[in-house]
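Chemist: So that you can map any letter, position 48 of the sequence shown is 48 in full-length UniProt numbering, and since no number is skipped, the others follow by simple counting.
Ideal placement from N, C-alpha and C gives every residue a C-beta, glycine not left out.
Can you read through this structure? Questions will come right after.
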Amino acid sequence: MGHRTSLTQIKVGQSVTTGHRGASATRVRTTVAVIVTLALLLGLRLWVVEPLIVSSNSMEPTVLRGSIIFLMKTSPSADAFTAGRLVVFQSPKDGHTTIKRVIAVGGQRVDIRDAILYVDGARVSEPFVDHSRIDGTYFGPVTVPAGHVFVLGDNRAVSIDSREFGAVPLDNFGMSLLWPHE
Numbered sequence: 001m002g003h004r005t006s007l008t009q010i011k012v013g014q015s016v017t018t019g020h021r022g023a024s025a026t027r028v029r030t031t032v033a034v035i036v037t038l039a040l041l042l043g044l045r046l047w048v049v050e051p052l053i054v055s056s057n058s059m060e061p062t063v064l065r066g067s068i069i070f071l072m073k074t075s076p077s078a079d080a081f082t083a084g085r086l087v088v089f090q091s092p093k094d095g096h097t098t099i100k101r102v103i104a105v106g107g108q109r110v111d112i113r114d115a116i117l118y119v120d121g122a123r124v125s126e127p128f129v130d131h132s133r134i135d136g137t138y139f140g141p142v143t144v145p146a147g148h149v150f151v152l153g154d155n156r157a158v159s160i161d162s163r164e165f166g167a168v169p170l171d172n173f174g175m176s177l178l179w180p181h182e
């Protein structure tokens, strides 16, 4: 006699997953994976990273209006306040989250003569600024107070920055720029 296993013996003696049960298990695993992924993304959004759409052209051509930037919900490190770095802060003028470029820190002197930026008397190279649009612009000199940062937008012709609202207190810098990163 040949050794044949009947369908009845398999049902009684072994655990067999039918196609229907397998599909249900796959749906449950997929649903759980989607829920866990959404929970992780929500947690990142609430406590770690915040996307922001740039609503101004004050940082063009570096950051264009409509661009999405990503912010870390942590205070920036000390090296974030190096001249030339992009920073995000609460504007002293209206409280909105604002992106600008660090120009000087506490104790440094800033002035603009015929659209050329000087920090502590030295001319600053700014290849990202269209000087032809701001020819004839003068500002300062001003000395940045301790515990403050002087910021400017790259599109100087339209930017509302430290020339208007003064140096920004370090307390206004509650988030770090994650992307774009220079």
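Looking at the strands, I want to know which residues DSSP matches up with Ser132.
Modeler: Residue mapping note: residue 132 aligns to position 132 of the sequence shown, counting from 1. Per DSSP, none; premise fails for Ser132.
Chemist: DSSP three-state label for Val142, please.
Modeler: Here residue 142 is taken as the residue at index 142 of the sequence shown, counted from 1. Strand, per DSSP.
Chemist: Let me check one thing: in DSSP terms, what residues is Met72 bridge-paired to?
Modeler: Counting from one through the sequence shown, the residue named residue 72 turns up at place 72. Bridge partners of Met72: Val49 and Ser176.
Chemist: Here's a check: name, in chain order, each residue in its chain whose Cβ is nearer than 8 Å to the Cβ of Gly121, leaving out the five neighbours to either side.
Modeler: On the sequence shown, residue 121 is found 121 positions in, with the first residue counted as 1. Cβ within range, chain order: Arg109.
Chemist: Let's test the definition: count the other Cβ atoms within 10 Å of the Cβ of Val144 and tell me whether it reaches 16, buried, or not, exposed.
Modeler: Looking up residue 144 in the sequence shown gives position 144. With 16 or more Cβ atoms within 10 Å of its Cβ, Val144 is classed as buried.
Chemist: Note the first and the last residue of the continuous beta strand (DSSP E) segment covering Phe150.
Modeler: For the purposes of this step, residue 150 is taken as residue 150 along the sequence shown, with counting starting at 1. Note, Phe150: beta strand (DSSP E), His148 to Leu152.
Chemist: Assign Ala104 to one of two classes, buried (16 or more other C-beta atoms within 10 Å of its C-beta) or exposed (fewer than that).
Modeler: As a first step, residue 104 must be located in the sequence shown, where it is residue number 104. It is buried - the Cβ of Ala104 has at least 16 other Cβ atoms within 10 Å.
Chemist: If Leu177 and Val88 are in contact, beta carbons under 8 Å, what's the gap, nearest whole angstrom?
Modeler: On the sequence shown, residue 177 is found 177 positions in, with the first residue counted as 1. On the sequence shown, residue 88 is found 88 positions in, with the first residue counted as 1. About 5 Å separates the two Cβ atoms, so the contact holds.
Chemist: Quick check: the Cα distance between Ile160 and Gly153, rounded to an integer number of angstroms?
Modeler: Stepping through the sequence shown from its first residue, residue 160 is reached at position 160. Stepping through the sequence shown from its first residue, residue 153 is reached at position 153. Roughly 7 Å separates the two Cα atoms.
Chemist: For Gly140, I'd like the list of residues in its chain whose CB is within less than 7 Å of its CB, leaving aside the five on either flank, ordered along the chain.
Modeler: Locating residue 140 in the sequence shown gives position 140, counting from the first residue. For Gly140, where only same-chain residues beyond five positions count, the Cβ hits under 7 Å are Val110, Asp111 and Ile112.
Chemist: What did DSSP end up calling Asp111 once you bin it into helix, strand or coil?
Modeler: Along the sequence shown, read from residue 1 onward, the residue named residue 111 stands at position 111. Asp111: strand per DSSP, three-state reduction.
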